[in-house]
Every structure is written in structure tokens, then in C-alpha cells.
């Protein structure tokens, strides 16, 4: 993790849990071993170097295949994926990122939009196979092409600091590379912070974190899975009233 502690490799269990059986035949994955002691943003860079190595070695792509790169908490809508599949960009170059709502602590709260959402482009766009200027390094982030819906609807979401409840949030805050948020600085242990989050913070996060404000998102603004199966996502939908 970001403080250098070793984590077990868990994707096999996730893939074979049965929950992903409808898509299992479409998933090809590559296990990456991070050297011991690598932490912070050096860990993130090691992950990206591994991704670049896989991109560089792959030659079975079609010129119309699209490569998307983002974190697991970045979700793209069906509308967006259909647009990428069926639409063609001007000059036949995407090299872009998507406008993405930054939702934090639950769907009820937001900081606005993330600076750069999930990035994407045709597999053979300039720089992709060289591993420079495509994957989320500084060269690609400064491409100013942004994809958004003409009607202003939400087509992508960043679900930040919200999974698995108070203990998970406390752990994430303790191991993050950046400094702790002000509301967490006085706590010496994860358990104490988790207790505060569960008993006080979640009731109104904006009282403790002044960078956020109500998202005011409705059912039409969210991924289909949240609307169709709200019982599966209690942490994500905490304090959301429709």
C-alpha cells in the first residue's frame, strides 16, 4: 500500500466470486509484483510502468480499439461507453479525458468535477505504444480535450472516500501520502478516528470538511446499478434522499 506494507494479491478471488461471471470471458489481467519498500507516489509510478510495459508488448490490437486508463473508483456511464464505441472524433484522434463528477464520502456530497477524469484514446495514437504521453503522466494530462454530454447530464463519476464504512475511511486517511484532512489531524489511532467518523462525521460531513457541498444528484444522474440495486450500496448512498 502507500505506506509500503505488503498486501495480498486478491484479484483471483474477486474474479472467481461469481459476481463477475457475465463478463469473465472478457477480462484479461496481469499480476504486477511491486518491489518491497516501494511506497507513496513511487508505488503509483511502479504500477504505471507495469501498465506501460504491457501496452508496449501487446500487438494484437485493432486500429479502432480504445484504451481507457483510470482508477477503480472512476465509473463511466453506459452512454459514454456507447459514444466511444460508435462515434469518431475529428481527425480520428481522441487523446482526451472525460468530465467526471467528484463525489466524496457518499453520493450526497461533492467537490465539483475532478481535474482530469478517466483518459482514453485509440490504441495506436501517438505516444501510446511508446509508453509516453498517453498513460496518466504529465504529458497526457495537459491534453485539453474533454468529453462531456451536450445536454449537461452526468456521464462519469469518481466515488471517493466512501467504500466499506468508517473503519475503511479511517484507514485510508492514515495511510494516504498527502497530509490528513484537518478534521482527522487530532486523532492518534485509526480506531479513534473511525469512532468519530461513525458517530459524528457522517451525520454532516460538510460541517467538518468545508471543501464539499451537497451534490443534489437524483436517480437520473447516477449509474444504473445504484438506482436498480440501492440495497447493495449502502455506503455509497448514505444520506441520499430521493
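In my numbering, the protein residues as written are 5 to 246.
Glycine residues also receive a C-beta, built at the ideal position from the N, C-alpha and C atoms.
Return the CA-CA distance between residue i and residue j, expressed in angstroms with no decimal places.
i: residue 203; j: residue 67; result: 53 Å
i: residue 39; j: residue 125; result: 30 Å
i: residue 47; j: residue 187; result: 27 Å
i: residue 92; j: residue 229; result: 28 Å
i: residue 211; j: residue 217; result: 10 Å
i: residue 133; j: residue 10; result: With a pLDDT of only 42 at residue 133, under 50, the local geometry of the prediction cannot be trusted, and no value is derived from it.
i: residue 89; j: residue 49; result: 29 Å
i: residue 232; j: residue 41; result: 42 Å
i: residue 239; j: residue 168; result: 6 Å
i: residue 95; j: residue 56; result: 25 Å
i: residue 164; j: residue 108; result: 5 Å
i: residue 53; j: residue 246; result: 43 Å
i: residue 137; j: residue 123; result: Residue placement at residue 137 is poorly supported in this model, since its pLDDT is 43, which falls under 50; the coordinates still yield a value, given next. If you take the alpha carbons of residue 137 and residue 123, they lie about 11 Å apart.
i: residue 154; j: residue 72; result: 21 Å
i: residue 69; j: residue 121; result: 20 Å
i: residue 191; j: residue 26; result: 44 Å
Just to confirm the assignment, what range does the alpha helix (DSSP H) spanning residue i have?
i: residue 59; result: 45-61
i: residue 170; result: 169-179
i: residue 203; result: 194-203
i: residue 17; result: 15-19
i: residue 229; result: 228-232
I'd like the list of long-range same chain contacts for residue i, defined as Cβ closer than 8 Å, with 5 residues on each side in sequence excluded.
i: residue 215; result: 115
i: residue 184; result: 177 and 178
Our contact map puts residue i next to residue j with C-beta atoms below 8 Å; I'd like the distance itself, whole angstroms only.
i: residue 103; j: residue 129; result: Contact flag wrong, Cβ pair sits at about 20 Å.
i: residue 198; j: residue 170; result: 4 Å
i: residue 158; j: residue 225; result: 5 Å
i: residue 84; j: residue 160; result: 6 Å
So, for residue i: in the same chain, excluding its five sequence neighbours on each side, which residues have a beta-carbon less than 6 Å away from its beta-carbon?
i: residue 237; result: 230
i: residue 152; result: 103
Leaving out five residues before and five after residue i in sequence, what residues of the same chain have Cβ atoms less than 7 Å from its Cβ?
i: residue 118; result: 104, 106 and 162
i: residue 28; result: 19
i: residue 13; result: 35
i: residue 243; result: 110 and 112
i: residue 43; result: 6, 7 and 8
i: residue 241; result: 110, 111, 230 and 234
i: residue 174; result: 194, 197, 198 and 201
Between which two residues does the beta strand (DSSP E) containing residue i stretch?
i: residue 108; result: 105-108
i: residue 70; result: 70-73
i: residue 79; result: 78-80
i: residue 102; result: 100-102
i: residue 188; result: Element bounds for residue 188: n/a, residue is neither H nor E.
i: residue 124; result: 123-126
i: residue 117; result: 113-117
i: residue 161; result: 160-164
Cβ pair count under 8 Å reaching 3, the stretch 47-67 against the stretch 11-30: Short answer: they don't touch.
Inter-stretch contact (C-beta, 8 Å, three-pair minimum) for the stretch 74-88 and the stretch 173-182: Taking a cut-off of 8 Å on C-beta distances, the stretch 74-88 does not touch the stretch 173-182, as fewer than three cross pairs fall below it.
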